[in-house]
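Q: Residue 265 in this note's numbering sits at position 270 of the first sequence; the count goes up by one each step and never skips.
Beta carbons are placed, not taken as given, at the ideal position from N, Cα and C, and that holds for glycine.
Computed from a predicted structure; not experimentally measured.
Pasting a structure here, questions to come.
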Amino acid sequence: MPELPEVEITRRGIAAPLVSARATGVVIRNAALRWPIPGHLVTSLSGQRLRDIDRRAKYLLLRFDRGTLIIHLGMSGSLRILAHSAAPEKHDHIDIVFGEVVLRLRDPRRFGAVLWHDGPDDAHPLLANLGPEPLGDDFNAATLRAALLRRQCAVKLAIMDSSVVVGVGNIYASESLFRAGIRPGTAARRLSAPQTARLAAEIRQTLLDALAAGGSTLRDFMHADGAPGYFQQSYFVYGRAGQPCRICTAPVHGRRIGNRSTFFCPACQR
DNA sequence: CCACGCTCCTGCGCGC
DNA sequence: TGCGCGCAGGAGCGTG
-4 MPELPEVEIT
6 RRGIAAPLVS
16 ARATGVVIRN
26 AALRWPIPGH
36 LVTSLSGQRL
46 RDIDRRAKYL
56 LLRFDRGTLI
66 IHLGMSGSLR
76 ILAHSAAPEK
86 HDHIDIVFGE
96 VVLRLRDPRR
106 FGAVLWHDGP
116 DDAHPLLANL
126 GPEPLGDDFN
136 AATLRAALLR
146 RQCAVKLAIM
156 DSSVVVGVGN
166 IYASESLFRA
176 GIRPGTAARR
186 LSAPQTARLA
196 AEIRQTLLDA
206 LAAGGSTLRD
216 FMHADGAPGY
226 FQQSYFVYGR
236 AGQPCRICTA
246 PVHGRRIGNR
256 STFFCPACQR
């Protein structure tokens, strides 16, 4: 499941070969992603040059001459650069063709999205209400504190809310809270200022570490060049219910919060 | 504004 | 060995 580090790594991987290339066509094999892939891309994208690739939250923003192709990888999506002649496989739903090379989206679970937008980012409903980037300057102890003080839900749910901070998925939510020494079920507004500062720092560092590792990822992720990206990262708590905490050896607890699997160490996290 | 549960989909792992 | 079942997950969306 691509989380933010995987999306960023994908961005870098596809930007290098594609930026400044010209799209020559689009092949849609299955438009039924989370929202239908707009059919007009097949004709409208041809001839447009790819000027840049940005990322906002987990959305990839491919800046073409006359608009932006928004791509979300959902839970199982991956993008690869392939020769135009490479045969598509079962879940390869769309190709953006750049002459002899294609950008190919594979997404078995089809939770992803490919959309077209020709206005400013803020004018798109998916991008309009996103909170700060966790790796950017707008995300810090003060901004997180302000956001958490208005929430009484579990802090884990709060940091997974994209209006509070973007890019924190289920895995890194548990990992960040472990590293910050905070129990995931704690009411968001009950965190002290120092706890909040620690949490902001650990969210950032957890994502940076994953980025440095090349993207921890679950089974479906591939690097843009097709090499498997799964460095079975040794998570502190995620998926480790009943196993010894890597710090104190107490058994890791698992429970559901907001109908999502959640893991924590009852000794290290208070 | 906030909280919560539902929903999309497929592959996997488990129990029998 | 095969089958059916439940679960996993991102995040938008509708409802209370």
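1. If contact is defined by three or more beta carbon pairs under 8 Å, each pair taking one atom from either stretch, is the stretch 226 to 240 in contact with the stretch 158 to 177?
2. What's the call for residue 158, buried or exposed, on a 16-neighbour Cβ count within 10 Å?
3. Closer than 7 Å: is that where the CB of residue 107 sits relative to any heavy atom of the ligand ATP?
4. Of all the options 188, 204, 258, which has the alpha carbon lying nearest to the alpha carbon of residue 135?
5. Excluding the five sequence neighbours on either side, which residues of its own chain have a C-beta within less than 7 Å of the C-beta of residue 93, listed in chain order?
6. Does residue 18 come out as helix, strand or coil in the three-state DSSP assignment?
7. By DSSP's criteria, residue 267 is part of a beta bridge. Which residues make up the other side?
8. Compare the C-alpha of residue 84 against each of 247, 23, 242 and name the closest.
9. In three-state DSSP terms, what is residue 4?
10. Span of the beta strand (DSSP E) holding residue 57?
11. Identify whether residue 258 lies in helix, strand or coil by the three-state DSSP scheme.
12. Grouping DSSP H, G and I as helix and E and B as strand, with all else coil, what is residue 83?
13. What three-state label does DSSP hand residue 120 in the structure shown?
14. Can you tell me the Cβ-Cβ gap for residue 50 and residue 101, rounded? I've got them flagged as a contact below 8 Å.
15. How would you label residue 71, buried or exposed, when you count the other beta carbons within 10 angstroms and need 16 or more for buried?
16. Give a yes or no on contact between the stretch 28 to 45 and the stretch 234 to 253, applying the rule of three or more CB pairs nearer than 8 Å.
17. Let me know if residue 47 comes out buried or exposed under the rule of 16 or more other beta-carbons within 10 Å of its beta-carbon.
18. Quick check on DSSP: helix, strand or coil for residue 246?
19. Is it right to say residue 253 is buried, meaning 16 or more other beta carbons lie within 10 angstroms of its own, or is it exposed?
20. Beta-carbon within less than 6 Å of residue 44's beta-carbon, same chain only, minus the 5 sequence neighbours each way: which residues are those?
21. Note down the Cα distance separating residue 11 from residue 4, rounded to an integer number of angstroms.
22. What's the C-alpha gap between residue 260 and residue 177?
23. Using CA coordinates, which residue listed in 255, 182, 9 is at the minimum distance from residue 166?
24. Are the beta-carbon atoms belonging to residue 77 and residue 99 less than 8 Å from one another?
25. Looking at the unbroken beta strand (DSSP E) that takes in residue 49, where does it start and where does it end?
26. My assumption, with CB atoms under 8 Å, is that residue 9 sits in contact with residue 74. Please give the rounded CB distance.
27. If you drop the 5 nearest sequence neighbours on each side, which residues of the same chain put their C-beta closer than 6 Å to that of residue 90?
A: Short version:
1. Yes, they touch.
2. Classification for residue 158: exposed.
3. By its list of ligands, the structure shown contains no ligand whatsoever, and the ligand ATP lies outside what it can speak to.
4. Minimum Cα-Cα distance from residue 135 among the listed residues 188, 204, 258 corresponds to 188.
5. Within the same chain, residue 93 has close Cβ partners 13, 16, 17, 18, 19.
6. Three-state result, residue 18: coil.
7. With the chain running from -4 to 265 in the structure shown, residue 267 is simply not present.
8. When each option's Cα is compared against that of residue 84, the closest is 23.
9. Secondary structure of residue 4 (DSSP, three-state): helix.
10. That run of the beta strand (DSSP E) goes 54 to 59.
11. DSSP places residue 258 within a strand segment (E or B) once states are collapsed to three.
12. The answer is coil: DSSP assigns residue 83 none of H, G, I, E or B.
13. Helix.
14. The pair is not a contact, with the Cβ atoms about 19 Å apart (cut-off 8 Å).
15. Residue 71 is buried by the Cβ-count criterion.
16. No contact exists between the stretch 28 to 45 and the stretch 234 to 253.
17. Around the beta carbon of residue 47, fewer than 16 other beta carbons sit within 10 angstroms, so the residue counts as exposed.
18. DSSP, reduced to helix, strand and coil, places residue 246 within a strand of the structure shown.
19. Residue 253 should be labelled exposed.
20. Same-chain partners within the cutoff: 17, 60.
21. Rounded to the nearest angstrom, the gap between the Cα atoms of residue 11 and residue 4 is 11 Å.
22. When rounded, the distance between both Cα atoms is 9 Å.
23. The shortest Cα separation from residue 166 among 255, 182, 9 belongs to 255.
24. Cβ atoms of residue 77 and residue 99: closer than 8 Å.
25. That run of the beta strand (DSSP E) goes 45 to 51.
26. Between the beta-carbon of residue 9 and that of residue 74 there is about 6 Å, and that keeps the pair under the 8 Å contact cut.
27. Taken in chain order, the residues that qualify are 22, 97, 99.
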